[in-house]
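Before any comments, here is the structure.
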Amino acid sequence: MDPLVSAEWLADQLGAPDLRVLDASYDALLPGEPPRDHAAEYRAGHVPGALYMDLAGFSDAASDLPSTLPGAAQFAARAARLGIDRATRIVLYDDAPHHTAARAWVMLRAFGFDRVALLDGGLAAWKRAGLPLEQGDAAVPPRAIDAGAGTAGLRDLAAMRAIQQDASEQIVDARSAARFTGAEPDPRAGVAPGHIPGARNLPYKRLFDEDGRWKRGEALAAAFRDAGVDLDRPMVMTCGSGITASVLAFGAHLLGRDAAVYDGSWTEWGADPSTPKATGAA
Numbered sequence: 003m004d005p006l007v008s009a010e011w012l013a014d015q016l017g018a019p020d021l022r023v024l025d026a027s028y029d030a031l032l033p034g035e036p037p038r039d040h041a042a043e044y045r046a047g048h049v050p051g052a053l054y055m056d057l058a059g060f061s062d063a064a065s066d067l068p069s070t071l072p073g074a075a076q077f078a079a080r081a082a083r084l085g086i087d088r089a090t091r092i093v094l095y096d097d098a099p100h101h102t103a104a105r106a107w108v109m110l111r112a113f114g115f116d117r118v119a120l121l122d123g124g125l126a127a128w129k130r131a132g133l134p135l136e137q138g139d140a141a142v143p144p145r146a147i148d149a150g151a152g153t154a155g156l157r158d159l160a161a162m163r164a165i166q167q168d169a170s171e172q173i174v175d176a177r178s179a180a181r182f183t184g185a186e187p188d189p190r191a192g193v194a195p196g197h198i199p200g201a202r203n204l205p206y207k208r209l210f211d212e213d214g215r216w217k218r219g220e221a222l223a224a225a226f227r228d229a230g231v232d233l234d235r236p237m238v239m240t241c242g243s244g245i246t247a248s249v250l251a252f253g254a255h256l257l258g259r260d261a262a263v264y265d266g267s268w269t270e271w272g273a274d275p276s277t278p279k280a281t282g283a284a
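Note that our numbering numbers the sequence shown so that position 70 is 72, with each residue one more than the last.
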């Protein structure tokens, strides 16, 4: 299964016993932003047979940071209701501005699920193709899984301190230029403006065409190169809270490159008085 699938391909595969489709829509809300009820939107119309993943329930309940990935026990409990194991072909989609299916992809990969793809263009592409929607809730028999450690491809604060010092991995920041440079203050209380010194800035929206589909091939590679990223060197992606860093990681995957994700991202780094910080352009 390709890492990126079309609406037409998915429509042909629906009903296959080894396939599970998951709606990974999620809002990484900033202070003052009104929430969307993605669960209600799912019930109003989703890809037939798709389950609502509820990514909020996969955020680490023991962490003070927003959206960080869960520990093994929490992941196993939440994933059991999705009826998946590592032999399942999983297709993720979303209807969210931050392309949160990529975050679900990073999480599943961290826990050893490697048969995972994204629906190119998300739910909007499914609708544009004139394909049917299903209403209400879908459910499947739960399936117990051995979660494993759940740390593959992730970096913590200690690792990032070392990377910032030795430049063993390129740090690539998915936030807007204004947030990266510090021209716009961070919306979270107690979080400094700016970026990790030495980081490159590649706003995640640059990885998409106007219709919401992913750029591919040379157009995608050019987005990385134009940001000063060397695709032949190791990379670690960061953002505000780990959500859009996952978009960059999936984009690198489409180019055949593995990239790590700094899960705590700027919310953790920017709030720590002991970490170095930079403002201005890269």
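Where a beta carbon is used, it is the ideal one built from N, C-alpha and C, also for glycine.
Check                                                                                                                                                                                 : Outcome
Just list the alpha helix (DSSP H) runs in the stretch 62 to 128, keeping only unbroken ones of 4 residues or longer that don't cross its boundaries, in chain order.                 : 74 to 82, 103 to 112
Just how far apart, CA to CA, sit residue 131 and residue 16?                                                                                                                         : 15 angstroms
Does residue 183 come out as helix, strand or coil in the three-state DSSP assignment?                                                                                                : helix
How many Å lie between residue 81 and residue 147 at the Cα?                                                                                                                          : 8 angstroms
DSSP on residue 262, reduced to helix/strand/coil?                                                                                                                                    : strand
State the CB to CB distance for the pair residue 250 and residue 176, rounded to an integer number of angstroms; the pair is presumed to be in contact (CB under 8 angstroms).        : 5 angstroms
Which first and last residues belong to the beta strand (DSSP E) in which residue 218 is found?                                                                                       : Here residue 218 belongs to no beta strand (DSSP E), and DSSP marks it neither H nor E.
Nearest to residue 46 by alpha carbon, out of 12, 160, 140?                                                                                                                           : 140
Can we say the stretch 66 to 86 touches the stretch 148 to 164, given the rule of at least three CB pairs closer than 8 angstroms?                                                    : yes
Taking the C-alpha atoms as reference points, what is the distance between residue 151 and residue 207?                                                                               : 31 angstroms
Is the stretch 214 to 224 touching the stretch 255 to 273, taking contact as three or more C-beta pairs under 8 angstroms?                                                            : yes
Within the same chain, show all residues whose beta-carbon is closer than 8 angstroms to that of residue 2, passing over the 5 residues directly before and after it, in chain order. : Because the chain in this structure spans residues 3 to 284, residue 2 falls outside the shown range and cannot be described.
Is it the case that the Cβ atoms of residue 111 and residue 20 are separated by a distance below 7 angstroms?                                                                         : no
Is DSSP giving residue 172 helix, strand or coil here?                                                                                                                                : strand
Please tell me whether residue 238 and residue 202 are closer than 7 angstroms, where the distance is taken between their beta carbons.                                               : no
Look at the alpha carbon of residue 66 and the alpha carbon of residue 14, and state the distance between them as a whole number of angstroms.                                        : 42 angstroms
Cα-Cα, which of 62, 121, 24, 59 is closest to residue 3?                                                                                                                              : 121
Name the DSSP beta bridge partners of residue 7, please?                                                                                                                              : 121
Is there a Cβ of chain D sitting closer than 7 angstroms to that of residue 17, yes or no?                                                                                            : Reference to chain D is not applicable here, since this structure consists of a single protein chain.
Tell me the DSSP secondary structure of residue 25 in three-state form.                                                                                                               : strand
Where do the N-terminal and C-terminal ends of the alpha helix (DSSP H) with residue 249 fall, by residue?                                                                            : 245 to 256
To the nearest angstrom, how far is the alpha carbon of residue 143 from that of residue 53?                                                                                          : 12 angstroms
What does a CB cutoff of less than 6 angstroms around residue 184 pick up in its chain, not counting 5 residues either side in sequence?                                              : 195, 196, 281
Report the three-state DSSP secondary structure of residue 269 (helix, strand or coil).                                                                                               : helix
Going by other Cβ atoms of all chains shown within 10 Å of its Cβ, with 16 needed for buried, is residue 211 buried or exposed?                                                       : exposed
Where residue 107 and residue 283 are concerned, what is the direct C-alpha to C-alpha distance, given to the nearest angstrom?                                                       : 30 angstroms
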